[in-house]
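Encoded as structure tokens, the structure appears first; notes follow it.
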Amino acid sequence: MEKIKIKWSSKGMKRRKEICERFGFSSYLTLNHESEVYVRAEDLLVFNETVRRGFLTVLPSGKKA
């Protein structure tokens, strides 16, 4: 399981509930639309496709966008 910091896009915010359910993410969200999530190894391919399609952005660890 990998810990990743993400920022939700406007497109992703519209589908956030579905994405959180799919990956088992917590519903926690900062005011800047950021979350720290754990992605299972078996979900990494689908997670990367979700990023590629613009639903969210992976942030560098320790930095804010």
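Taken in order, the sequence shown gives residues 185 to 249; the numbers are from our numbering. C-beta atoms are modelled at their ideal positions from N, C-alpha and C, and glycine is treated no differently. Every value quoted in this text rests on a predicted model; they were computed, and no experiment measured them.
Top-ranked residue by Cα proximity to K191, from D227, R224 and L213
Taking the sequence shown and counting its residues from 1, one reaches residue 191 at position 7. Checked all of D227, R224 and L213; the closest Cα to K191 is L213.
Kindly give me the distance between the Cβ atoms of F231 and S193, rounded to whole angstroms, as I take these residues to be in contact under 8 Å.
As a first step, residue 231 is located in the sequence shown; it is residue number 47 there, counting from the start. As a first step, residue 193 is located in the sequence shown; it is residue number 9 there, counting from the start. Rounded, the Cβ-Cβ distance is 15 Å, inconsistent with contact.
Go ahead and label G208 buried or exposed: buried means 16 or more other beta carbons lie within 10 angstroms of its beta carbon, across all protein chains shown.
On the sequence shown, position 24 is the one that residue 208 refers to. With fewer than 16 Cβ atoms within 10 Å of its Cβ, G208 is classed as exposed.
Relative to the C-alpha of T241, which residue among C204, S219 and E202 is closest?
For the purposes of this step, residue 241 is identified with residue 57 of the sequence shown, where counting begins at 1. Nearest C-alpha to T241: S219.
Do T234 and I188 have their C-beta atoms closer together than 8 Å?
On the sequence shown, position 50 is the one that residue 234 refers to. On the sequence shown, position 4 is the one that residue 188 refers to. Result no, Cβ atoms of T234 and I188 do not sit closer than 8 Å.
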